[in-house]
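One structure is given here, and the rest of the page talks about it.
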Amino acid sequence: MKSKGGAVFLSGLVAGTMDIVAAFTVYAFILHKTTPTKILRSIASAIFKKDAYTGNFSMVFFGLGMHYFIAFSFAWFYFVIYPYFPFLKKNAALSGLFYGIFVWLIMNLIILPIFFPGIPENHLDFPFLISIVILILCVGFPISFITKKYYSFR
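Heads up: take any position in the sequence shown, counting from 1, add 8, and you land on my numbering.
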């Protein structure tokens with residue numbers, strides 16, 4: 009990881025992949041609440057609304073692309089703020105934990121309500137807790153550890 013762009017790309021790719029695989033595994037295969045295709049179509053529906061569900065299979069790919077765009081955006085943001093906040097450098101695991109919670113807060117309190125105004129409020133239950141754990145383990149940790157590794161070689 010010699011370049012900043014490469015480090016951001018790697019952390020976004022790892023976080024995006026781990027997050028979507030966790031979502032498929034938990035919500036589609038363990039809880040049987042949905043399917044991987046519906047998960048990706050629901051992401052695409054932020055832009056395409058109902059057409060994401062009635063449109064052709066390309067909507068699945070739009071959803072996947074949007075998912076990775078979000079993951080790369082969070083990776084880029086962490087990478088940018090990292091040098092300015094010394095506490096992020098002290099403990100990558102703790103930083104990843106807090107960044108995963110930060111990502112959950114941004115997604116659930118800002119992004120999702122903007123794109124899905126009728127979304128029901130969260131309740132302290134298993135899906136609520138698992139969504140936070142997924143973002144900590146699959147987004148916060150990889151972004152934190154990859155960013156720390158990049159900056160430690162500088």
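C-beta atoms are modelled at their ideal positions from N, C-alpha and C, and glycine is treated no differently.
On a predicted model such as this, the values are computed, not experimentally measured, just so you know.
Delimiting residues of the alpha helix (DSSP H) encompassing residue 48: 44-56
Option nearest residue 86 by Cα separation, candidates 151, 14 and 71: Comparing Cα-Cα distances from residue 86 to each of 151, 14 and 71, the minimum goes to 151.
Buried versus exposed, by CB contacts within 10 Å (16 or more), residue 70: Looking at its Cβ environment, which holds 16 or more other Cβ atoms inside 10 Å, residue 70 is buried.
Residue 96, buried or exposed, once every other Cβ within 10 Å from all chains shown has been counted against 16: Burial of residue 96 is indicated by the presence of at least 16 other C-beta atoms within 10 angstroms of its C-beta.
Cβ separation of residue 34 and residue 138, assumed to be a contact under 8 Å, to the nearest whole Å: 6 Å
Distance, residue 99 Cα to residue 93 Cα: 12 Å
Any 3 or more C-beta pairs closer than 8 Å across the region 71-78 and the region 14-33: A contact exists between the region 71-78 and the region 14-33.
Inter-residue Cα distance where the pair is residue 79 and residue 21: 7 Å
Which of helix, strand or coil DSSP assigns to residue 24: helix
Alpha helix (DSSP H) segment containing residue 62, residue limits: 59-62
Alpha helix (DSSP H) runs contained entirely in the region 78-155, provided each spans 4 or more residues: 94-98, 100-114, 120-123 and 134-143
Simplified DSSP state of residue 72, which is helix, strand or coil: helix
Residue 156 to residue 16 span [Cα, whole Å]: 11 Å
Distance between residue 154 and residue 39 (C-alpha atoms, nearest Å): 31 Å
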